[in-house]
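Residue numbers (this note's numbering): 893 to 1231.
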Amino acid sequence: MEDRLVLPLERVRRPVPSRMACALTRGQDLLDAETPRRMMDGRRHRTLDTWENRVVLSLLTQCAQRLRWLRTRLRRPAFEPVLAELEAALVRARRPARALGDLPPLQGPVDRATMVLLRRPPYRAAFEALAALGRAAVVSLRAPGLDAPLDSVPALYQSWATLRVIARVLFHAASYGWDVWQQRLVRALRGEAVVELLRDNQSVLELRRGEVTARIIPERRYHHAGSLQCLTEFEQRPDLSIERTEAEGVSVWLLDPKYKLDADDEGATRPLKSDVDKMHAYRDAIRGTNGVRAVRFAGVLYPGESVWWGDEIAALGAHPERRAALESDLDRMLGIAMA
């Protein structure tokens, strides 16, 4: 690709007459009243830094990242010939594009189809391949329980239930007027999107609506200090907290996924009494700085039937095969939390 450059005056060999008046109007760029510091040179200068070349480079980079991702997961000998063939094909594809290695990467999505991309077959092929690669994005969940034996089902259930709640919050956010302000739930790692529930007492998702803030915090720790205080001797640590902060103070909605249930002789299921008692303890112990109860709702998520004790305490049925029932119960809770 060729382009014209704005150069220091001493390097200009072919001034562009139509741009001379413009050069003289930039007061901060003049040596004196009649001499500009820089001018456009009419000579054509070759450059590789074009949008189309960045598309090609981005495609090659993402193919290399995706291939490395495949190699870390396809470790059986039967896959080795296929992986070797793909790596050799990538080397051949990168050879003609060696000169593009110094270009800056693309920023943002590839959503601009120029005439060069559409009319020149090599560029069009790269553009279409990059779009197809984006549609086939790899998303993975990073959770310790995924690599552990099946006796870690309670930990997996906690992660699943927590993600279902977050998904429902995001589903309703726009309709209630909330904007996503900050998130630490999804990050890019070696060509894939990694979902990870960080349990560091910080929010993984923050929403804002005007001056009102809502934060979602896995395993939030409540103790004697801070804007929210715990009245008990030991800290309280619910599995998931939704904290809404506004001028009047902080309101809290708490959820505890528990892969436990109690059953009677007739097969009816119900939550464990100890889990429900803990919800009462959360509600009574967590207070604002003014000593007023901060918890508006505390509920157990468990693989049984939903039970409500008023609007503040509940055991919500959260079975992976009965998601509609869970969403209905969450909508009842979020209708107050997000209104």
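Glycine included, C-beta positions come from ideal geometry on N, C-alpha and C. Given the structure is predicted, the values throughout are model-derived calculations rather than measurements.
- When rounded, the separation of the alpha-carbon atoms in valine 1144 and valine 1078 is 24 Å.
- Here the stretch 1214 to 1222 makes no contact with the stretch 1177 to 1187; the two share fewer than three CB pairs at distances below 8 Å.
- Contact between alanine 989 and leucine 959 is absent: CB atoms are separated by about 16 Å, not below the 8 Å threshold.
- Annotation note: the stretch 922 to 1006 contains the following uninterrupted alpha helix (DSSP H) runs of length 4 or greater, listed N- to C-terminal: 943 to 965 and 972 to 986.
- Nearest in C-alpha terms to alanine 1173, of all of Tyr1049, Arg967, Ala1028 and Glu1125, is Glu1125.
- In this structure, proline 1163 lies away from leucine 1147, with their beta-carbon atoms at least 8 Å apart.
- Under the 8 Å Cβ criterion, the stretch 1091 to 1103 counts as touching the stretch 1065 to 1074, having at least three qualifying pairs.
- Residue nearest to valine 1030 within the set Asp1203, Cys955 and Asp994 is Cys955 (criterion: CA-CA distance).
- Listed as beta-bridge partners of cysteine 1122 by DSSP are Ile1178.
- By a beta-carbon distance limit of 8 Å, leucine 901 contacts proline 928. Their separation comes to about 6 Å.
- Going by DSSP, valine 1187 is part of the beta strand (DSSP E) stretching over 1187 to 1194.
- In the displayed model, glutamate 1204 falls within coil according to three-state DSSP, outside both helix and strand.
- Valine 1096 and arginine 1076 do touch by the CB rule: their CB atoms are close to 5 Å apart, below 8 Å.
- Residues Tyr1114, His1115, His1116, Gln1128, Ala1177 and Ile1178 of the same chain have their beta carbon placed closer than 7 Å to that of cysteine 1122, with the five preceding and five following residues left out of the count.
- Threonine 964 counts as exposed, since fewer than 16 other beta carbons sit within 10 angstroms of its beta carbon.
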